Amino acid sequence: MGESGVPRRDKRMSLGQHLVELRKRIMIAAIGVVAGMVVAFFITDPVIWLITEPIRAIAETSDERSKVELMFTTVTSAFDLRLRMSFAIGLLLSAPIWMWQIWAFIMPGLTRKEIRYTVGFLAAAIPLFFAGCYVGLVVMPHIVELMASFVPEGAASFFDAAYYYDFVFKLLIVVGVSFVLPVFLVALNFAGIISGKAILKGWRVAVLVACIFAALATPAADVVSMLLLAGILVVLFFAAASVSLIFDRRRAKRDAALLPGDGAP
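Its first residue numbered 163, the sequence shown is counted upward by one per residue in our numbering.
Below you can see the structure in the form of C-alpha cells.
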C-alpha cells in the first residue's frame with residue numbers, strides 16, 4: 163500500500179458493521195473506566211491527604227483564633243467527593259484501555275504517515291500534560307497559602323471540600339493543557355493552517371501571555387516560581403516555533419523537488 167493517501171487496511175465495512183464495532187469499543191472502554199473507578203475509590207485517602215497538605219501546613223502555623231479546616235457541608239458530601247475523585251482517577255488509571263479502543267477504531271482509516279504523526283503528537287502531548295499537572299501540584303500550595311493570608315486576624319477559614327477539590331482539579335487541568343498548547347501549534351502547522359514564521363512572529367504576545375498566566379498562577383511574593391513557570395511556557399513556545407520552521411523548510415524542499423526542472427521535456 164502507498165504511504166501518501168491509501169489506508170493501511172483496505173477493508174470495506176458497512177455502516178452497520180461500523181456501528182457494531184463502535185459499540186464493542188465503547189463497551190470495552192466503559193468496563194475499563196468502571197474497573198478503574200473501583201480501584202480508585204480505595205486510594206482516594208492518599209490523594210485527599212496529598213491535596214490537603216497546604217491546609218494542614220496553614221493550620222500548623224495559625225494560632226487558635228484563626229482555625230483552618232476542610233469542611234463537609236452535608237451528610238453525603240464526603241461520599242460524593244470520593245465518587246467524583248474516583249471518576250477522575252479511574253479515568254486516568256484506565257487511560258491505556260479507552261485510548262487504545264479509540265485508536266483501534268480510527269487506525270484502519272488512517273494512512274501510515276498519519277499514524278506516525280498521530281503517535282508522534284501523543285508521545286509529545288501526554289508527557290507534557292503530566293509535566294504540567296506536576297507543576298500545578300507544586301504551585302497549588304503557594305496559591306492556597308497566599309489566599310489564606312488575606313483572612314483577617316481572629317477569623318476562621320473553612321474550606322468547603324467539594325469546592326476545594328474543584329479548585330485543585332481545575333488548576334491541574336489548566337496548567338497541564340497550557341503545557342500541551344505548543345503541540346497544537348505544531349499540529350496546526352502540519353495541517354497548513356499556520357506557518358512557522360507566523361508562529362514566531364507572535365513571540366511577544368506569547369511571552370506576555372506566559373508571564374501573565376504565571377503571575378496569576380503563582381503568589382506575588384514567590385518570584386522564583388513565577389519565573390520558572392513562565393520560562394517553561396516560553397521555552398515550549400519557541401520549541402514549537404522551531405519545529406514548525408523545520409517542517410516548513412522540509413515542505414518547501416519537497417514541493418520544489420516535485421516541480422519540473424528547467425530542462426525537463
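Each residue gets a CB set at the ideal place from its N, CA and C atoms; glycine is no exception.
All of these numbers come straight from a predicted model, not from anything done at the bench.
The C-alpha of Pro-208 lies about 58 angstroms from the C-alpha of Ala-418. Of the candidates Ala-349, Ser-256, Leu-334, the residue whose Cα lies closest to the Cα of Phe-283 is Ala-349.
Under the three-pair Cβ rule at 8 angstroms, the segment 333-345 counts as touching the segment 275-290. Beta-bridge pairing by DSSP links Glu-307 to no other residue.
Here DSSP, grouped into helix, strand and coil, assigns Ser-319 to strand. For Met-233, DSSP records a beta bridge to Asp-322. Within the same chain, and ignoring the five residues on either side of Asp-322 in sequence, the residues whose Cβ sits closer than 7 angstroms to its Cβ are Met-233, Thr-235. For Ile-205, the three-state secondary structure derived from DSSP is coil.
No residue range can be given for Ser-256, since it is assigned to no alpha helix (DSSP H) and is classified by DSSP as neither H nor E. Burial is judged here by how many other beta carbons sit within 10 angstroms of a residue's own beta carbon; Ala-353 has fewer than 16 and is exposed. Of the other Cβ atoms in all chains shown, fewer than 16 fall within 10 Å of the Cβ of Leu-177; this residue is therefore exposed. A residue is called buried when at least 16 other Cβ atoms come within 10 angstroms of its Cβ; Ala-403 meets this threshold and is buried.
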